[in-house]
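Novice: Got a structure for you, questions after.
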Amino acid sequence: MEISAEVQEGLQLAGDTAHIPDKVFKYLVERVFEDIFKRPSARSLKEDGNLKSLDAAVVKQAYAALCTLALEGAKHDANSSNLSPILEDCKWTTDRTESFINIFLDRKETVRVLLGNIRQVHPHIVDVDWRLDYYMKSNHKDKVNEATYLITLKTEEGGLNRKTKDVQFCCSLEQLQDLVGKLKDATRSLEKASLS
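As numbered in the working numbering, residues 19 to 214 make up the sequence shown, in order.
Shown next as structure tokens:
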């Protein structure tokens, strides 16, 4: 997991007891996760009584760096062995490192679920069922004599909560042949693209 120089600078400020005292540090880390989870009690950093005595620019930069580290760490499924070297490079004390890692590990799975819910994942077709129906007559016409295919696509949505869903549609033989032709064209295009 790599972090930018700007985030490293913010983490150095967060780890520096001269800028952020120990008492406020733990509160700031808790506040980061509250804001990630969008708890209703969250208020702006300027209005927060626990942070008013500190330099606003330092708090803002440290807060942004801690948010970035928490989100990137959850995204990459980081653990203490991944995070410790980063925090040591930023000159954090062992107490602060352990404190952040413990809070992070307690909340990591919830953050991962939130991250999984915001990404756009299209459903994948995992199975196809079909049935041939033959309509002899309908409510509007006496004689129809038409074959209709009932297609059921079984889809699975990605992410952490793998839901399956059925997509059903009816089509005539011509429409089905057109669909199969378009699928073959798409397959050929993908094969060409992968060879390039």
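Glycine included, every Cβ here is placed at the ideal spot set by N, Cα and C. In this text, all values refer to a predicted model and were calculated from it rather than measured experimentally.
DSSP beta-bridge partners for residue 186?
Specialist: Residue 186 is bridged to 170.
Novice: Out of curiosity, what's the CA-to-CA distance linking residue 93 and residue 133?
Specialist: If you take the alpha carbons of residue 93 and residue 133, they lie about 7 Å apart.
Novice: At the level of alpha carbons, what is the spacing between residue 175 and residue 122?
Specialist: Those two C-alpha atoms are separated by around 28 Å.
Novice: Taking only three categories from DSSP, how would you classify residue 162?
Specialist: It is coil, neither helix nor strand.
Novice: Within this structure, are the beta carbons of residue 147 and residue 170 separated by less than 7 Å?
Specialist: Yes, they are a contact pair.
Novice: Quick one: what's got a C-beta closer than 8 Å to residue 211's C-beta in the same chain, skipping five residues either side?
Specialist: Contacts found: none.
Novice: Hey, could you find the ends of the beta strand (DSSP E) residue 149 is sitting in?
Specialist: First-last of the beta strand (DSSP E) with residue 149: 142-153.
Novice: Taking the C-alpha atoms as reference points, what is the distance between residue 32 and residue 38?
Specialist: Residue 32 and residue 38: Cα-Cα distance of roughly 6 Å.
Novice: From residue 151 to residue 193, what does the alpha carbon distance come to, in whole angstroms?
Specialist: Roughly 15 Å separates the two Cα atoms.
Novice: When the distance is taken between beta carbons, is residue 97 closer than 7 Å to residue 19?
Specialist: Going by C-beta atoms, residue 19 is not nearer than 7 Å to residue 97.
Novice: DSSP three-state call for residue 83: helix, strand or coil?
Specialist: It is helical.
Novice: Relative to the alpha-carbon of residue 180, which residue among 208, 203, 131 and 213 has its alpha-carbon at the smallest distance?
Specialist: Closest option to residue 180, Cα to Cα, is 131.
Novice: Rounding to the nearest angstrom, what Cα-Cα distance links residue 217 and residue 120 in this structure?
Specialist: Not covered by the structure: residue 217. The range shown for the chain is 19 to 214.
Novice: Considering Cα atoms alone, identify which of 68, 142, 21 and 66 is closest to residue 84.
Specialist: If we check each option's Cα against that of residue 84, 21 comes out closest.
Novice: Expressed to the nearest angstrom, what Euclidean distance is found between the alpha-carbon atoms of residue 155 and residue 164?
Specialist: Between residue 155 and residue 164, the C-alpha separation is close to 9 Å.
Novice: Helix, strand or coil: how does DSSP classify residue 246 here?
Specialist: No answer is possible for residue 246: the residues shown for the chain start at 19 and end at 214.
Novice: Just curious, the alpha helix (DSSP H) that residue 48 is in, first and last residue?
Specialist: Unbroken alpha helix (DSSP H) run through residue 48: 40-54.
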